[in-house]
Each structure stands twice: as C-alpha cells, then as structure tokens.
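Below you'll find the structure, written out as structure tokens, and then a few comments.
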Amino acid sequence: MMKNDIRFVNESHTPSVTREEQRDAIFRAARRHFPHLVTWGSPRGNAALWVILPLEIDAGELLRLSKQEGVTFTPGPVAGDERNTAILHFSHLEPGEIEEGIRRLGGLIVEYMDLVSRINGTSSSHFIGP
Numbered sequence: 039m040m041k042n043d044i045r046f047v048n049e050s051h052t053p054s055v056t057r058e059e060q061r062d063a064i065f066r067a068a069r070r071h072f073p074h075l076v077t078w079g080s081p082r083g084n085a086a087l088w089v090i091l092p093l094e095i096d097a098g099e100l101l102r103l104s105k106q107e108g109v110t111f112t113p114g115p116v117a118g119d120e121r122n123t124a125i126l127h128f129s130h131l132e133p134g135e136i137e138e139g140i141r142r143l144g145g146l147i148v149e150y151m152d153l154v155s156r157i158n159g160t161s162s163s164h165f166i167g168p
C-alpha cells in the first residue's frame with residue numbers, strides 16, 4: 039500500500055479548518071509523537087512548527103529518511119547549529135494529515151536516536167511520563 043505524502047513545506051492550499059485548529063493539531067501531535075529530547079514551538083501567527091532536534095541528528099539525513107516514509111520538511115536554520123533544526127509548514131494541511139505526518143516523523147526520530155545510541159554504545163530513554 040502506498041502511503042500518502044505529507045509535505046511540511048511551504049505550499050499554497052486552503053484547508054477546511056482554521057489556523058488555530060491546525061496549530062492545535064500540530065501541537066497535540068508533537069506532544070504525542072516527538073521524543074522529549076526534541077524541542078519545538080511556533081511563533082504566534084506563524085504557520086510553521088520550528089523544531090530543534092538532538093545534536094546527534096542531522097536534519098538533512100532525517101529528511102532523506104523521511105522522504106522514504108512520504109514525509110518532507112524544510113531543514114533549518116531555526117536557532118544556532120543549522121544541522122539539527124527543521125521547519126514544518128502546516129498552513130496547507132488538514133489536522134489528520136498533520137497527525138499522520140508527525141507520527142511518521144516522530145517514529146523516524148526515535149529510530150535515528152536508537153541507531154546513534156547503538157553506535158555510541160549508550161542507551162537513552164526517548165520519552166518521559168507513563
């Protein structure tokens with residue numbers, strides 16, 4: 039089965055929901071699917087989620103992997119080191135697309151972090167809470 043592509047890139051399309059509903063959807067999805075080592079936020083009025091990944095993650099490499107899962111985004115500069123940052127534009131996406139895209143991306147981040155931990159001979163918990 040072919041996965042639908044989720045493009046967190048700047049595109050023009052008018053979704054059937056408000057920007058506030060989109061922002062709520064991306065925040066819910068990020069809380070649910072991103073590991074606690076990922077920092078994210080969205081400046082007020084902005085239709086993009088700014089993401090700072092753990093230093094071990096190269097956003098360009100993550101993009102290469104995520105394209106295989108049908109998810110694209112814009113590698114950063116968000117703050118400081120550009121290599122571990124990403125921008126996820128969501129103004130053109132429906133809440134269900136946002137949820138699915140963040141779920142896929144969050145899973146890839148965890149896989150990437152697991153690989154880095156194995157290579158470095160370390161272990162780490164990617165999520166906090168129950």
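Residue numbering for the sequence shown follows the working numbering, starting at 39 and increasing by one per position.
Virtual Cβ for every residue (Gly too), placed ideally from N, Cα, C.
On a predicted model such as this, the values are computed, not experimentally measured, just so you know.
Exercise. Measure the alpha-carbon distance for Ser54 versus Leu146 and round it to whole angstroms.
Key: Counting from 1 along the sequence shown, the entry for residue 54 is found at position 16. Counting from 1 along the sequence shown, the entry for residue 146 is found at position 108. So the two alpha carbons sit approximately 28 Å from each other.
Self-check item: C-beta contact flag for Gly114 and Ile125 at 8 Å
Solution: Position 76 of the sequence shown, counted from the first residue, corresponds to residue 114. Position 87 of the sequence shown, counted from the first residue, corresponds to residue 125. Judged by beta-carbon spacing, Ile125 lies within the 8 Å limit of Gly114, meaning their Cβ atoms are closer than that value.
Practice problem: Put Leu131 into one of helix, strand or coil per three-state DSSP. | Solution: Translated into positions along the sequence shown, residue 131 becomes position 93. Coil at Leu131, not helix or strand.
Quiz item: Taking buried to mean at least 16 other C-beta atoms within 10 Å of its own C-beta, is Ile136 buried or exposed?
Solution: As a first step, residue 136 must be located in the sequence shown, where it is residue number 98. Buried: at least 16 other Cβ atoms inside 10 Å.
Practice problem: Use the C-beta contact count for Leu143: other C-beta atoms within 10 angstroms, 16 or more gives buried, fewer gives exposed. | Solution: Against the sequence shown, residue 143 aligns to sequence position 105. Around the Cβ of Leu143, a 10 Å sphere holds 16 or more other Cβ atoms; the residue is buried.
Quiz item: Closest to Pro68 by CA distance: which of Glu120, Leu87 and Glu58 is it?
Solution: Translated into positions along the sequence shown, residue 68 becomes position 30. At residue 68 the sequence reads Ala, which differs from the Pro that was named. Out of Glu120, Leu87 and Glu58, Leu87 has the C-alpha closest to the C-alpha of Ala68.
Practice problem: Apply the 10 Å Cβ neighbour rule to Val109 and answer buried if 16 or more other Cβ atoms are within range, or exposed otherwise. | Solution: Start at 1 with the first residue of the sequence shown, and residue 109 comes out as number 71. Counting every other CB atom within 10 Å of its CB across the protein chains shown gives Val109 a total of 16 or more, marking it as buried.
Quiz item: Helix, strand or coil: how does DSSP classify Ile136 here?
Solution: Position 98 of the sequence shown holds residue 136. The answer is helix: DSSP assigns Ile136 an H, G or I state.
Quiz item: Around the C-beta of Ile44, are 16 or more other C-beta atoms found within 10 angstroms, so that it is buried, or is it exposed?
Solution: Here residue 44 refers to the residue found at position 6 when the sequence shown is read from its first residue. Around the C-beta of Ile44, 16 or more other C-beta atoms lie within 10 Å, and the residue is accordingly described as buried.
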